[in-house]
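K.L.:
With my numbering as the guide, the letters of the sequence shown map in order to residues 64 to 248. Ideal Cβ positions, reconstructed from N, Cα and C, are used throughout, including at glycine.
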Amino acid sequence: MGWTDGPVHGPVSRVVVIGVAGGGKSTVARGLSGRLGVPQVELDALFWQAGWTKLGEDEFVERVAAATASGGWVVDGNYSARIRAITWGAADAVVWVDLPRVVVMWQLILRTLRRTATGVELWNGNRERPLRDQLSGDPSRSIVVWAWRTYGPSKREYEAVDQAAFPQAQFIRLRSRRQVRRFLS
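1) Closest to Phe229 by CA distance: which of Ile149, Gly134 and Glu120 is it?
2) Give me, in chain order, the residues of the same chain whose beta-carbon lies closer than 8 Å to that of Glu120; leave out the 5 immediate sequence neighbours on both sides.
3) Beta-carbon within less than 6 Å of Ala130's beta-carbon, same chain only, minus the 5 sequence neighbours each way: which residues are those?
4) Give me whichever residues DSSP pairs with Gln231 in a beta bridge.
5) Mapping the DSSP letters down to three states, classify Leu237 as helix, strand or coil.
6) Quick one: grab the DSSP three-state call for Glu122.
7) Taking 8 Å as the threshold (C-beta atoms), are Val127 and Leu106 in contact?
8) Would you kindly work out how many angstroms separate the C-alpha atoms of Gly67 and Leu99, rounded to a whole number?
9) Which runs of the beta strand (DSSP E), 3 residues or longer, sit entirely within the stretch 131-185?
10) State the Cα-Cα distance for the pair Arg240 and Val166, rounded to the nearest angstrom.
11) Closest by CA to Trp169, which one among Ala132, Val83, Phe110 and Val137?
12) Starting from Gln197, trace the alpha helix (DSSP H) both ways and give me its first and last residue.
13) For Arg212 and Thr179, what's the separation of their Cα atoms in angstroms?
14) In this structure, does DSSP put Arg204 in helix, strand or coil?
Printed below as a string of structure tokens:
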């Protein structure tokens, strides 16, 4: 097996999109969702409650299971092995948006600045943290710092995934913006 660079072969209606923060998961998921005519399920929207409160693991698992119980969907996000068992276990395809670190960081910095300036709501009343938090160097307060620190470990984790545990799924790895555009066209 192994990661391929696409395209998806055969009909798909359940897709999981993974990758690091700022890497383009939601953009790819939104594009696939529209193309396939199925709902997009943002794991962050299920997990993050008002005031950036984390949903308990058991309730999160229940919500993800309910959101993916029937029909087609495109799920975007990275969470625990329990969530992976549900989403990847039912997926026709797993798409890894694996852009170079410099591209991801640039996209993430621009996105964070835009969200901070506009005050756009992300999920459940939450907004991007203030700029002073983003510049703090604390990964619990800065998505940019968190993404920088987790980029390498996340990449190694996805490279080592036991794809044989999900034999029904195709595994696609998109390594450039050009591949992403071609994949979505």
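P.N.:
Result, derived from the coordinates:
1) Ile149
2) Ser143 and Arg145
3) Val104
4) Beta-bridge pairing links Gln231 to no other residue.
5) strand
6) helix
7) yes
8) The amino acid occupying residue 67 in the given sequence is Thr; Gly does not appear at that position. Looking at the two C-alpha atoms, the distance is approximately 20 Å.
9) 136-139 and 156-160
10) 9 Å
11) Val83
12) Leu194 to Gln197
13) 21 Å
14) coil
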